[in-house]
Structure formats: structure tokens, C-alpha cells
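Take a look at the structure below.
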Amino acid sequence: MVARVIVNGSNGKMGSLACETLVNHSEFKLVGQLNKQDNLAQAIRDTDAQIVVDLTRADCVFANSMIIIDQGARPVIGTSGLAGSQITELTERCNAKKLGGIIVPNFSISAVLMMIFAAKAAEYMPEVEIIEAHHQQKLDAPSGTALKTAEMIAAARKKPKNKLDLKELIPGARGGTHHDINIHSLRLPGVLARQEVLFGSSGETLSLTHDSIDRHCFMPGVVLACQKVQNLNTLIYGLEHLL
Numbered sequence: 002m003v004a005r006v007i008v009n010g011s012n013g014k015m016g017s018l019a020c021e022t023l024v025n026h027s028e029f030k031l032v033g034q035l036n037k038q039d040n041l042a043q044a045i046r047d048t049d050a051q052i053v054v055d056l057t058r059a060d061c062v063f064a065n066s067m068i069i070i071d072q073g074a075r076p077v078i079g080t081s082g083l084a085g086s087q088i089t090e091l092t093e094r095c096n097a098k099k100l101g102g103i104i105v106p107n108f109s110i111s112a113v114l115m116m117i118f119a120a121k122a123a124e125y126m127p128e129v130e131i132i133e134a135h136h137q138q139k140l141d142a143p144s145g146t147a148l149k150t151a152e153m154i155a156a157a158r159k160k161p162k163n164k165l166d167l168k169e170l171i172p173g174a175r176g177g178t179h180h181d182i183n184i185h186s187l188r189l190p191g192v193l194a195r196q197e198v199l200f201g202s203s204g205e206t207l208s209l210t211h212d213s214i215d216r217h218c219f220m221p222g223v224v225l226a227c228q229k230v231q232n233l234n235t236l237i238y239g240l241e242h243l244l
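All residue numbers for the sequence shown refer to the working numbering, where the first residue is 2 and numbers rise by one.
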């Protein structure tokens with residue numbers, strides 16, 4: 002059976018590439034290419050869309066996700082910026098409707114593998130920091146990938162990191178913290194997406210680095226999420242649950 006899909010945020014770089022990928026895939030029928038001026042709820046009703054891939058902005062992703070779920074479509078959320086409380090609310094809404102959905106901090110399968118490897122390393126090396134870099138058009142920081150990586154590390158870490166009695170000579174010099182893990186965000190021209198997870202132990206360091214060089218690296222993950230979401234009856238957070 003061919004699934005009917007809408008891409009919301011289709012005029013963005015990720016959105017336009019997702020449209021190109023899905024329109025050429027035999028398992029999907031692209032029934033809508035929407036942008037901010039379009040009525041999302043009306044489009045879902047008019048097209049009888051089963052899946053909506055949201056690739057919009059942090060300031061509207063929660064409202065979009067609520068609309069998608071309320072209209073009975075399955076959300077594939079590739080937009081960062083959702084707070085923990087919002088993810089909880091979306092999960093509860095999906096559960097109430099017995100509707101599957103997925104929040105994807107990073108569609109790159111190799112980036113997800115990097116996150117899995119980082120969680121494994123954290124079992125043995127609790128001292129860790131995250132450095133993420135993106136293009137200057139990404140206006141939220143830290144990235145969803147960095148936040149998800151920190152959460153996976155925190156869940157796997159068997160003992161806390163050392164507490165440092167350190168004075169910041171410049172406020173914010175040590176970055177932000179999430180689950181007691183320091184995250185440093187860079188926004189630079191010439192960069193698409195890069196993340197390094199740096200572990201330290203006595204006499205050694207371990208560096209796990211992922212570079213996205215071209216947005217085509219995200220498309221296998223978009224396809225995978227759209228395939229798997231059809232068989233879910235709850236909202237999941239992270240592509241690692243589908244691997």
C-alpha cells in the first residue's frame with residue numbers, strides 16, 4: 002500500500018530535498034508540499050494524508066505537531082526546538098489517539114550510530130563534553146542532536162563526572178549544560194553539521210566525530226522514518242529506536 006505524505010516546510014533546503022526523495026519512492030505518494038502560508042489542517046483533510054514530515058522552524062514545530070496529530074496523521078518531526086514538556090504533551094496526545102509518530106533529532110543514520118557509540122563509551126568514560134557546529138541559518142542552539150546525545154550519555158553513564166571548582170573569566174566560557182554534560186555550540190559559514198563527542202580519562206582521550214557534508218545524507222533516514230512510523234502506535238524520540 003502506498004502511503005500518502007505531506008512535507009511541511011517544502012521550500013527549505015531539507016524540505017525540498019525530502020520532496021524530491023519521496024516523490025521518486027515507490028512506497029509513498031507525495032500529496033502536499035506546504036509552507037508557512039498554507040493551512041496545514043485543511044491540507045491534511047483535503048489530501049487524506051497519512052504522514053506529515055515537518056521540516057519547519059523551532060518557533061512553530063510544536064503547534065504544527067499538535068495539528069498533525071489532531072487531524073489523525075502521523076508526524077515525522079525533523080525540526081529541532083521542542084522542549085521536554087512539549088515532547089511529553091505530544092506523546093500523551095499520540096497515546097490518546099493510538100497514533101504513531103517520531104521525533105528525529107538527526108536523520109543521518111551514521112550520526113545516530115555515533116550517538117549510540119557515545120552512549121556505550123560513557124559506560125566506561127564518564128568525563129565527556131559535546132561540541133556541535135552548524136551553518137549560520139540554524140538559529141537554535143544547542144542542536145537537537147547534541148541534546149539527544151547528552152540524554153543518551155546520561156542514561157548510560159554509570160557514575161557522575163568530576164566536579165570542578167572552576168571560575169569562568171568570561172560568562173558562558175564553559176558552554177551550556179544538559180544532564181550535567183557541557184555542550185558547546187558553534188555557528189559558522191562553510192559548515193553544514195558537525196558534532197564531536199570528546200571523552201577524557203587518565204592518560205587518554207576518545208573522540209567520536211560525525212560530519213554531514215551534504216544534505217543527501219539525511220534522506221535514507223527520512224525514508225526509514227516514514228516507513229516505520231506507519232507501524233507505531235505511540236510517539237518515539239530518536240531514530241535509534243528504528244535501527
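Beta carbons are placed, not taken as given, at the ideal position from N, Cα and C, and that holds for glycine.
Check whether residue i and residue j have beta carbons under 8 Å apart
| i | j | result |
| --- | --- | --- |
| SER248 | SER213 | Outside the displayed span of the chain (2 to 244) sits residue 248, for which this structure offers no information. |
| LEU233 | GLY102 | yes |
| HIS180 | GLU197 | no |
| VAL3 | GLU28 | yes |
| HIS136 | LEU56 | no |
| GLU241 | MET116 | yes |
| VAL32 | CYS227 | no |
| LYS164 | PRO106 | no |
| ASP141 | ALA19 | no |
| ARG75 | LEU100 | yes |
| VAL53 | VAL223 | no |
| THR44 | VAL6 | Going by the sequence as given, residue 44 is Ala instead of Thr. No, they are not a contact pair. |
Per-residue burial, residue i [other beta carbons within 10 Å of its own, 16 or more giving buried]
| i | result |
| --- | --- |
| ILE171 | exposed |
| ASN96 | exposed |
| THR178 | exposed |
| GLY10 | buried |
| ALA84 | exposed |
| SER144 | buried |
| PRO46 | Pro is not the amino acid found at residue 46; the sequence shown has Arg there. It is exposed - the Cβ of ARG46 has fewer than 16 other Cβ atoms within 10 Å. |
| GLU169 | exposed |
| ALA147 | buried |
| GLN34 | buried |
| HIS217 | exposed |
| LEU167 | exposed |
| LEU225 | buried |
| ALA174 | exposed |
| LEU187 | exposed |
Best match in the options for proximity to residue i [C-alpha to C-alpha]
| i | options | result |
| --- | --- | --- |
| LEU209 | ASP141, VAL129, GLY191 | VAL129 |
| MET15 | GLN228, LEU225, MET220 | MET220 |
| ALA120 | GLU133, LEU41, ALA155 | ALA155 |
| GLN138 | LEU114, GLU169, MET115, LEU189 | LEU189 |
| ASN36 | HIS242, ARG75, VAL8 | VAL8 |
| SER202 | SER86, GLU124, HIS185, ASP166 | GLU124 |
| ARG94 | GLN72, ALA112, ASN107 | GLN72 |
| SER86 | PHE63, VAL105, LYS98 | PHE63 |
| GLY191 | ASP215, ASN183, HIS185, HIS211 | ASP215 |
| ALA112 | SER17, LYS164, GLU133 | GLU133 |
| LYS229 | SER186, ILE104, GLY13 | ILE104 |
| LEU244 | LYS98, LEU114, ILE131, THR48 | LEU114 |
Identity of the residues DSSP links to residue i by a beta bridge
| i | result |
| --- | --- |
| TYR238 | ILE104 |
| ASN9 | LEU35, ASP55 |
| ARG188 | HIS135 |
| GLY222 | The partner list for GLY222 (beta bridge, DSSP) is empty, contrary to what the question assumes. |
| VAL198 | ILE131, LEU209 |
| ARG75 | ILE52 |
| ASN183 | GLU130, THR178 |
| LYS14 | Its beta-bridge partners do not exist; DSSP assigns none. |
| request: May I ask you to verify whether the region 233-244 touches the region 154-164, counting CB pairs closer than 8 Å and requiring at least 3? | output: no
| task | Taking 8 Å as the threshold, find out whether the region 88-107 comes into contact with the region 65-73 through three or more Cβ pairs. | result | yes
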